[in-house]
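Written below as structure tokens is the structure these notes are about.
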Amino acid sequence: MIVDMHTDILSRMFNDKSNYEFEKDNECAQIDLPKLIKSKLDLQFWAVYVDKQFKPHLALKKGLQQIELFHKIIEKYSRNLKMVKTTADLEDNKNKVKLLLALEGGEPIEDDLNLLHLFYRLGVRSIGLTWNQRNQIADGVWEDESGGGLTLFGKKLIREMNDLGILVDLAHISKKGFFDAINISTAPVLVTHGNCKSICNHPRNLSDEQIKALAEINGVLGITFYPPFLNDQNHATVDDIVKHIIYVVDLVGIDYVGIGSDFEGIEIFPEGLEDISKIKVLELSLYKYGFSKSEVNKILGLNSMRVIKEVLK
């Protein structure tokens with residue numbers, strides 16, 4: 611089983627309407643339909659991401675436009691793709707790549723829980739509370755020195771997400787916001803794309819304290835493929851990804867680590883893992899480092915799927 615917990619393919623397609631042909635094998639693309647089929651992925655998250663210049667006032671409009679594009683893609687390529695809204699959706703159509711609609715940054719929700727319910731009706735099943743900046747929900751990692759965490763609305767939002775069955779994603783959030791969310795959420799949470807600060811001291815990566823807290827509530831950290839988050843350089847290999855996976859396993863155990871590629875949101879990538887069709891390279895590398903088949907299955911998908919099934923209705 612393979613679950614990729616974060617991609618930016620949807621925003622790429624939205625922003626590059628004239629040049630991106632999803633049904634073709636694009637040489638410069640990290641994700642397209644042929645590559646998805648070749649990858650044999652079970653599930654991939656597609657994130658709605660609104661560029662900074664449109665926040666906050668146009669975030670709702672831009673978010674809804676991307677969601678409409680997502681639904682059109684699902685309809686057009688229904689032979690190969692399936693939208694996931696319930697746990698039952700995860701069980702069938704094994705010949706299809708399943709897609710889970712996510713928000714990366716909660717700005718489109720504004721400060722209105724009714725809009726949260728609207729996004730749920732439209733199929734959103736995962737929400738990254740912030741991007742790197744401060745918003746109406748919490749501070750992002752770029753605001754970490756301020757010591758700000760969740761707002762009052764942010765706390766209400768998480769409780770409502772728990773009730774609805776929407777995954778809480780703590781990638782990009784400030785450290786204070788991270789622990790606020792961990793303490794409030796009654797369901798396990800995800801960090802869909804982030805790495806280990808002890809290996810690579812980047813603001814987007816998690817400290818040992820955060821990783822332990824995530825594991826304590828049965829959450830999962832998705833190791834991401836962006837070289838500056840892997841080794842603080844612009845060049846990385848698949849071995850660098852495995853080093854972060856091993857670190858999490860040694861720190862908290864095999865059950866709390868997954869993957870979140872960030873494909874189509876990164877302009878550089880590990881050597882040998884240039885696009886999603888090459889995900890087998892990571893699997894083989896995990897075997898090379900001594901992981902068993904059952905352990906590899908947990909890392910590449912079962913751990914993430916455990917949380918998803920626990921949260922979705």
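Letter by letter, the sequence shown follows residues 611 to 923 of our numbering.
For glycine and all other residues, C-beta sits at the position ideal for the given N, C-alpha and C.
Just to confirm before moving on: does the CB-CB distance between residue i and residue j stay below 8 Å?
| i | j | result |
| --- | --- | --- |
| L922 | T761 | no |
| Y866 | N815 | no |
| F655 | D721 | no |
| V917 | G829 | yes |
| G759 | G787 | yes |
| I647 | G911 | no |
| L723 | L674 | no |
Expressed to the nearest angstrom, what Euclidean distance is found between the alpha-carbon atoms of residue i and residue j?
| i | j | result |
| --- | --- | --- |
| K706 | I869 | 20 Å |
| K765 | I794 | 7 Å |
| L824 | V778 | 12 Å |
| I909 | I719 | 32 Å |
| P838 | D818 | 19 Å |
| L780 | A797 | 13 Å |
| D626 | E685 | 20 Å |
| S688 | K682 | 10 Å |
| D860 | Q640 | 31 Å |
| D636 | G882 | Asp is not the amino acid found at residue 636; the sequence shown has Asn there. Cα-Cα distance, rounded: 17 Å. |
| D614 | K890 | 13 Å |
| M919 | Q843 | Sequence inspection shows Lys at residue 919; the Met mentioned does not correspond to that position. The alpha-carbon atoms of K919 and Q843 are separated by roughly 36 Å. |
| L840 | L726 | 33 Å |
| P813 | L691 | 35 Å |
| A657 | G750 | 17 Å |
| F680 | A748 | 27 Å |
| L800 | V862 | 15 Å |
| D850 | C810 | 10 Å |
| P644 | N629 | 17 Å |
| N907 | L670 | 37 Å |
| F901 | H854 | 14 Å |
| I878 | Q820 | 27 Å |
| I831 | I864 | Looking at the sequence shown, residue 831 is not Ile but Leu. Going from the Cα of L831 to the Cα of I864 covers about 11 Å. |
Count the other CB atoms within 10 Å of the CB of residue i; is the residue buried (16 or more) or exposed (fewer)?
| i | result |
| --- | --- |
| Y836 | buried |
| Y857 | buried |
| D790 | buried |
| H616 | buried |
| Y899 | exposed |
| L700 | buried |
| S784 | buried |
| L711 | buried |
| T802 | buried |
| E633 | exposed |
| H845 | exposed |
| L894 | exposed |
| E678 | exposed |
| E631 | exposed |
| Y659 | buried |
| D642 | buried |
| K708 | buried |
| K822 | exposed |
| E755 | exposed |
| K704 | exposed |
| K807 | buried |
| K903 | exposed |
If residue i and residue j are in contact, beta carbons under 8 Å, what's the gap, nearest whole angstrom?
| i | j | result |
| --- | --- | --- |
| P880 | V848 | 5 Å |
| N805 | I833 | 6 Å |
| V694 | R735 | 7 Å |
Chain B beta carbons: is any one of them nearer than 8 Å to that of residue i?
| i | result |
| --- | --- |
| K888 | Here there is only one protein chain, and chain B is not present. |
>> Quick test of the definition: if touching needs 3 or more C-beta pairs under 8 Å, does the region 613-621 touch the region 866-880?
In response: Touching, yes, given that three or more Cβ pairs across the two stretches are closer than 8 Å.
> Does the region 653-672 come within contact of the region 711-718, defined as at least 3 CB pairs closer than 8 Å?
Replying inline: Proximity of the region 653-672 to the region 711-718 meets the contact definition, three or more beta-carbon pairs being nearer than 8 Å.
> Are the region 725-745 and the region 769-783 touching by the rule of at least three beta carbon pairs closer than 8 Å?
Replying inline: Inter-segment contact for the region 725-745 and the region 769-783 is present: three or more beta-carbon pairs are separated by less than 8 Å.
> Contact between the region 885-896 and the region 649-662: three or more CB pairs below 8 Å?
Replying inline: Flag = yes, the region 885-896 and the region 649-662 touch.
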